[in-house]
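Residue numbers (UniProt numbering): 1 to 199.
From the three backbone atoms N, C-alpha and C, an ideal C-beta is built for every residue, glycine too.
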Amino acid sequence: YKLLKTQKLSNDHVCYFLYQILRGLKYIHSANVLHRDLKPSNLLLNTTCDLKICDFGLARVTDPQTDHTGFLTEYVATRWYRAPEIMLNSKGYTKSIDVWSVGCILAEMLSNRPLFPGKHYLDQLNLILAVVGSPSQEDLQCIINDKARSYLISLPHKPKQPWSRLYPGADPRALDLLEKMLTFNPHNRLLEFILPSGA
């Protein structure tokens, strides 16, 4: 967190930190645990750039075979790193919420500034839509809450912004990951990370 505040990260650093975050998240998710509060201040670094994910205070176990909708609390994730489905549905979310948070962290590593620094709930949602664009009809089907769906439909159309315009000079592979992690529809969000064997 302090590192992002004080210095620009090289592509090598971004790659190495992201690899460690994804490796840690793969392990957490393999135990059917949702972290639910991934953000830069919950990532610890030592002097040799070893990264650890910390603060499991909001973490919850989720069993894909069981409906845990009633057990997943509405408050989850610091607003800037919160997936849109949390704000719109509040319950019934999946591991993809952590993937969204990692996408936000990656964007911050590329630019040293938060991607979606919303001041409140609606501001947060508008900042997200200004970047990822208005949800499609298919995306809207993921919104369980009728009022939230109606609100989204009532908004003026917003085009998707190219990641290369937002982060000129960034590694194209990093931009490809942003594209796959920061999609409005949680069902289309990258969930399986291709890590080297033994990782």
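- Going by DSSP, residue 180 is part of the alpha helix (DSSP H) stretching over 172-181.
- The distance from the Cβ of residue 81 to that of residue 38 is about 6 Å, consistent with a contact at the 8 Å cut-off.
- CA-to-CA, the gap between residue 108 and residue 115 works out to about 6 Å.
- Under the three-state reduction of DSSP output, residue 44 falls in the strand class.
- Listed in chain order, the non-local C-beta contacts of residue 174 below 7 Å within the same chain comprise 14, 106 and 110, local neighbours out to five positions each way being set aside.
- The DSSP assignment places complete alpha helix (DSSP H) segments of no fewer than 4 residues inside the stretch 5-61 at 11-30, in order along the chain.
- If you draw a straight line from the Cα of residue 16 to the Cα of residue 150, it comes to about 42 Å.
- Residue 135 is classed as buried because its beta carbon has at least 16 other beta carbons within 10 Å across all chains shown.
- With a cutoff of 8 Å on beta-carbon distance, residue 124 and residue 87 are scored as near each other.
- Excluding its 5 nearest sequence neighbours in each direction, residue 121 has C-beta neighbours in its own chain below 7 Å: 87, listed in chain order.
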